[in-house]
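Participant: The structure under discussion is supplied below as structure tokens; questions concerning it will follow.
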Amino acid sequence: MGNDGVGQRVGRPRRSGVQGESPREEIVGAAARLFAAAGYAQTSVSAIAREAGLGQSSLYYWFANKEAILQALIDKNRESLETARELVDATDSPAHRLYRIVYVDVVQMCSAPLDFYELERVARAQPEAFDEFFSDYRELERLIARVIRQGVAAGEFRDVDATATTTAALALSEGLQYRFRQGEQDVRRMRELAHLSASTTVAALVRDRRRVRSARAAAEESD
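Residue numbers (full-length UniProt numbering): 1 to 223.
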């Protein structure tokens, strides 16, 4: 996806010959831990280098700047978009597909090292550097709206404004991931919130409420 700044490779590639993850993955992992603990703005490149066990010049061999590291994190968190691409024209029930997309979106955001709102704030402050963040989001919106329109056309969903409904569904998911970060962050709670978001969205649309239960059952089978 985006340019991760490797064009400005200055300094030595490694400080040591430690085996395991590639230096690039070590840097991204270190940045994720620090961004989660202290926030993006408060985390320095030198702190990321220390956390990764590298010299600062070695970090610059792999990434041009802190923004490039954040871009790499964005690139690693595209599961809900990939799920939407996979399911948008699948043959199963629109309710099942919509449930799965929303569920995966919440799980992805809750699992991410950065709060979605913080990631969005950084991207809005530097839109030219994070255009892919917004293009990914717009594509996800379009795909979800398309599934909703398919459900309306099939008579499975009520006749609703698909664009407005998509906005509401994503806003609910984003708010729930924020609340998740304010409390105990365990897998069970994360999945409960993901099911809550997906169930609420699908329940607001379906003509037959039994579709909600079957959609949840299908999502649980895929976990």
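Cβ coordinates follow ideal geometry from the N, Cα and C atoms, glycine included. Treat the numbers as computed from the prediction; the structure is a model and nothing was measured.
Which term fits Asp115, buried or exposed, when burial requires 16 or more other beta carbons within 10 angstroms of its beta carbon?
Facilitator: Position 115 of the sequence shown, counted from the first residue, corresponds to residue 115. Buried is the call here.
Participant: Can you tell me the Cβ-Cβ gap for Ala47 and Val106, rounded? I've got them flagged as a contact below 8 Å.
Facilitator: As a first step, residue 47 must be located in the sequence shown, where it is residue number 47. As a first step, residue 106 must be located in the sequence shown, where it is residue number 106. Not confirmed; about 30 Å, so no contact.
Participant: Given a threshold of 16 other Cβ atoms within 10 Å of its Cβ, counted over all protein chains shown, does Gly155 qualify as buried or as exposed?
Facilitator: Translated into the one-based positions of the sequence shown, residue 155 becomes position 155. Exposed, because fewer than 16 other Cβ atoms sit within 10 Å of the Cβ of Gly155.
Participant: Helix, strand or coil: which one does DSSP assign to Phe130?
Facilitator: Locating residue 130 in the sequence shown gives position 130, where the first residue counts as 1. Of the three classes helix, strand and coil, the one that applies to Phe130 here is coil, per DSSP.
Participant: Just the C-alpha distance for Gly151 and Thr163, rounded to the nearest angstrom, thanks.
Facilitator: Here residue 151 refers to the residue found at position 151 of the sequence shown. Here residue 163 refers to the residue found at position 163 of the sequence shown. Those two C-alpha atoms are separated by around 13 Å.
Participant: Tell me the start and end of each unbroken alpha helix (DSSP H) in the UniProt domain "HTH tetR-type" (21–81) that is at least 4 residues and wholly inside, in chain order.
Facilitator: 23–38, 45–52, 56–62, 66–76
Participant: Locate the alpha helix (DSSP H) running through Gln177, then write down its first and last residues.
Facilitator: As a position in the sequence shown, residue 177 is number 177, starting the count at 1. Counting along the chain, the alpha helix (DSSP H) containing Gln177 begins and ends at 162–182.
Participant: Contact between the segment 173–182 and the segment 190–209: three or more CB pairs below 8 Å?
Facilitator: yes
Participant: If Ala215 sits next to Ala95, beta carbons under 8 Å apart, how far is it from one beta carbon to the other, in whole angstroms?
Facilitator: Numbered from 1 along the sequence shown, position 215 holds the residue referred to as residue 215. Numbered from 1 along the sequence shown, position 95 holds the residue referred to as residue 95. Contact holds; Cβ gap of about 5 Å.
Participant: Relative to the alpha-carbon of Ile69, which residue among Val28, Glu51, Thr165 has its alpha-carbon at the smallest distance?
Facilitator: As a first step, residue 69 must be located in the sequence shown, where it is residue number 69. For the residues Val28, Glu51, Thr165, the minimum Cα distance to Ile69 belongs to Val28.
Participant: Between Ala32 and Leu73, how many whole angstroms is the CB-CB distance? I'm expecting something under 8 Å.
Facilitator: Taking the first residue of the sequence shown as 1, we reach residue 32 at position 32. Taking the first residue of the sequence shown as 1, we reach residue 73 at position 73. Yes, Ala32 and Leu73 are in contact; Cβ-Cβ is about 6 Å, under 8 Å.
Participant: Check the DSSP bridge columns for Phe116 and list the partner residues they point to.
Facilitator: The sequence position of residue 116 within the sequence shown is 116, counting from 1. Bridge partners of Phe116: none, in fact.
Participant: Assign Arg209 to one of three DSSP states: helix, strand, or coil.
Facilitator: Here residue 209 corresponds to residue number 209 of the sequence shown, with the count starting at 1. Here Arg209 sits in coil by DSSP.
Participant: Under DSSP, the alpha helix (DSSP H) around Thr200 begins and ends at which residues?
Facilitator: Sequence index remark: in the sequence shown, residue 200 carries index 200 (1-based). Looking at the DSSP string, the run of the alpha helix (DSSP H) that includes Thr200 is 187–203.
Participant: Is the beta carbon of Leu81 less than 8 Å from the beta carbon of Leu140?
Facilitator: On the sequence shown, residue 81 is found 81 positions in, with the first residue counted as 1. On the sequence shown, residue 140 is found 140 positions in, with the first residue counted as 1. Yes.
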